[in-house]
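Heads up, the thing below is written out as structure tokens.
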Amino acid sequence: MNELSKTLAFSAVALALCGAAFVSTRDRSVRDEAFNDQGQPFFSDFKDPLACTDLEVIDFDPSTATASRFQVKFEDGKWVIPSHYRYPADARDRLSKTAAAVMDLAKDTIRSDRAEDQEEMGVIDPLDTKTTTLKGRGKRITLRDSSEKVLADFIIGNEVKDKTGQVYVRVPGQKRTYGVKVKAEPSTRFADWIETNLLKLEASRIRKIEFDNYKVNLEQGYQRGEVLDIDRKDASAAWTMAGLSADQELDSDKLRTLTDALADLKIVGVRTKPAGLTRDLKQNDKEGIKLTATTVASLQSKGFYMTKDGQLLSNQGDVRVYTDEGVVYTLRFGEVFFSTGDELTAGTPDEAEKKASEKTGSQEKEKTKKAEGTTENRFVMVTVAFDPTLIPKPKTDDDKEKEQPAAKPGQPLEMPANPFAPDPNDPKYLAERKEAKERAEREQKDYDKKIADGKKRVAELTDRFAAWYYVTPGDSFRSINLDRAALVKPKKAESANPPGGGTPSFPGGSPSFPNSLPPIQP
């Protein structure tokens with residue numbers, strides 16, 4: 027081959043390579059442009075936040091190698107939390123706000139297309155069974171509509187170090203990981219989705235509190251305790267208790283703490299009540315329902331005991347709270363336990379068996395649990411009843427006449443202001459009678475409404491409490507479940523010479539004066 031042929035051959039090869047390079051570069055450019063989705067929304071078809079009726083959050087705990095599931099869902103016409111025994115949720119507004127924030131999620135920056143980067147970014151699917159590593163698993167969030175159609179599904183990972191406010195986000199089943207500004211990460215705290223105030227009670231409405239301080243346990247059985255009553259006429263009146271000696275008084279600070287604790291008693295966890303109990307916590311013999319051994323174990327593990335005649339007792343006695351609405355709350359306090367997280371809010375499937383096998387009251391066990399950083403809590407059951415006598419009846423004319431003080435013995439009778447019967451046709455008299463009648467009708471109508479409202483409230487609260495054991499903080503229990511030693515204190519002795527009063531004192535004793543003093547000059 028001569029030089030010209032070689033030159034032409036090399037030129038042809040070079041031209042071919044250039045053409046191939048151009049085609050390759052063009053294809054890659056097109057391919058990169060096709061996969062450059064930065065700035066685009068994650069879920070473009072999700073347009074209505076009210077369409078979301080199901081939120082599921084799955085988180086992974088590497089210490090136990092388990093995935094925990096929290097779910098809020100609209101079922102049978104109401105919002106419930108399936109992960110917590112379908113407990114009623116206060117979710118509509120919170121869920122719509124969360125859904126709106128998810129709708130706005132955009133792929134702000136592209137961070138990686140490599141599967142091997144997912145562990146470091148914390149976006150491994152918490153449900154991934156193929157990956158053996160326990161580290162780097164993120165939080166998977168799924169939103170669905172009423173037909174179970176997935177509206178959004180994504181995994182939130184670690185914070186992006188070089189982009190303030192961004193976190194790593196990946197869609198399950200895809201390799202690409204993005205940096206995203208997440209406006210509202212869905213809460214998985216049970217307390218954020220429920221009405222946490224257990225009694226929904228106003229402290230100013232409390233008129234009477236009864237403490238039945240009996241105790242019950244398996245070793246010693248039923249131990250009778252002192253029953254104490256405190257009451258007051260209205261919210262501004264002082265509390266009183268019968269039987270106090272002259273040198274005793276009620277501790278006003280303890281009583282203030284007591285009423286505040288009742289008004290703000292928090293729910294920190296729930297458990298389902300055994301099906302063999304009626305709404306008023308009595309054994310339902312009419313329907314032939316008998317408590318099984320498992321049910322009895324469940325009750326006893328939480329500090330509650332059924333008597334032979336079908337009455338429910340609790341190991342820490344009862345506290346009854348009477349209000350001016352006619353509502354009577356009965357709080358039955360059960361067993362203490364130390365826990366946190368899902369074990370606190372929902373318990374575990376083997377909770378009853380685990381609790382029954384433990385030696386209740388072991389100081390060594392309590393010290394161990396406290397050292398683990400858990401919190402002290404207490405089981406409580408609540409029932410309500412209606413007492414119409416707590417609502418004052420309107421006074422009639424006869425009642426008002428009876429309230430007139432009678433003349434004391436030895437005192438002359440006083441002549442009434444108007445000793446003569448009024449003229450029944452007197453316009454002034456007729457106007458007064460009409461006004462009195464209308465006032466009596468208004469008072470009776472107001473009384474009837476209070477009775478109806480009280481009954482309605484009791485029915486609503488009964489529905490609220492019927493199915494549940496509640497878990498409340500240990501501090502609240504100590505503020506509410508009081509005995510005589512906590513309620514009564516020695517009365518402070520009054521000073522014989524209060525400050526600013528009495529005889530003045532002088533250094534060295536009282537001064538001496540002459541027997542006769544000169545007259546005062548005018």
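According to my numbering, the sequence shown holds residues 27 to 548 in order.
Backbone N, C-alpha and C fix where the C-beta goes; we use that ideal spot for every residue, glycine too.
Predicted model only: the values in this text are computed from it and were never measured.
Opposite F365 in the DSSP bridges: which residues?
Here residue 365 corresponds to residue number 339 of the sequence shown, with the count starting at 1. Correcting the residue identity first, residue 365 is Ser in this sequence and not Phe. Note: S365 sits in a beta bridge opposite T401.
Residues bridged to Q97 (per DSSP):
Numbered from 1 along the sequence shown, position 71 holds the residue referred to as residue 97. In the DSSP output, where bridge partners are listed per residue, Q97 has E82.
Report the partner residues of F412 according to the DSSP bridge assignment.
Stepping through the sequence shown from its first residue, residue 412 is reached at position 386. Paired residue(s): V353.
Just list the residues that DSSP pairs V149 with in beta bridges.
Counting from one through the sequence shown, the residue named residue 149 turns up at place 123. None, per the DSSP bridge assignment.
Within 8 Å, strictly: CB atoms of L153 and I232
For this step, residue 153 is matched to residue 127 along the sequence shown. For this step, residue 232 is matched to residue 206 along the sequence shown. The answer is no: Cβ separation not under 8 Å.
For G183, the three-state DSSP class (helix, strand or coil)
Mapped onto the sequence shown, residue 183 falls at position 157. Strand, per DSSP.
S262 by DSSP, collapsed to three states: which one?
As a first step, residue 262 is located in the sequence shown; it is residue number 236 there, counting from the start. Coil, per DSSP.
Straight-line Cα distance separating P114 from D102
Along the sequence shown, one-based indexing puts residue 102 at 76. Along the sequence shown, one-based indexing puts residue 114 at 88. So the two alpha carbons sit approximately 11 Å from each other.
Taking the C-alpha atoms as reference points, what is the distance between M129 and S327?
What you label residue 129 is simply residue 103 of the sequence shown in a count that begins at 1. What you label residue 327 is simply residue 301 of the sequence shown in a count that begins at 1. Using only the alpha carbons, I get a separation of about 45 Å.
Could you name the residues that DSSP lists as bridge partners for K207?
Taking the first residue of the sequence shown as position 1, residue 207 is located at position 181. DSSP, once it has assigned bridges, lists Q192 as partnering K207.
Note down the Cα distance separating T157 from R163, rounded to an integer number of angstroms.
Your numbering for residue 157 matches position 131 in the sequence shown. Your numbering for residue 163 matches position 137 in the sequence shown. Taking the straight line from one Cα to the other gives about 10 Å.
What's the gap between the Cα of V322 and the Cα of G199?
Within the sequence shown, residue 322 is the residue found at index 296, counting from 1. Within the sequence shown, residue 199 is the residue found at index 173, counting from 1. So the alpha carbons of these two residues sit roughly 47 Å apart.
Do you know whose CA, among A126, T415 and L513, lies nearest D474's CA?
Numbered from its first residue, the sequence shown carries residue 474 at position 448. The shortest Cα separation from D474 among A126, T415 and L513 belongs to T415.
Quick check on DSSP: helix, strand or coil for D139?
Numbered from its first residue, the sequence shown carries residue 139 at position 113. Correct three-state label for D139: coil.
R483, DSSP secondary structure in three states:
The residue given as residue 483 occupies position 457 in the sequence shown. Helix.
Per-residue burial, Y204 [other beta carbons within 10 Å of its own, 16 or more giving buried]
Position 178 of the sequence shown holds residue 204. Y204 should be labelled buried.
Using only the alpha-carbon positions, how far apart do I167 and G148 sit?
Translated into positions along the sequence shown, residue 167 becomes position 141. Translated into positions along the sequence shown, residue 148 becomes position 122. I167 and G148: Cα-Cα distance of roughly 14 Å.
Which residues does DSSP pair with G247 in a beta bridge?
Taking the first residue of the sequence shown as 1, we reach residue 247 at position 221. G247 pairs with N243.
Can you tell me the Cβ-Cβ gap for F503 and F359, rounded? I've got them flagged as a contact below 8 Å.
Start at 1 with the first residue of the sequence shown, and residue 503 comes out as number 477. Start at 1 with the first residue of the sequence shown, and residue 359 comes out as number 333. So it is a contact: roughly 6 Å between Cβ atoms.
Grouping DSSP H, G and I as helix and E and B as strand, with all else coil, what is Q342?
Indexing the sequence shown from 1 puts residue 342 at position 316. The answer is coil: DSSP assigns Q342 none of H, G, I, E or B.
Using DSSP bridges, identify the partner residues of M332.
Translated into the one-based positions of the sequence shown, residue 332 becomes position 306. According to DSSP, M332 bridges with L338.
Tell me the DSSP bridge mates of K515?
Mapped onto the sequence shown, residue 515 falls at position 489. Beta-bridge pairing links K515 to E275.
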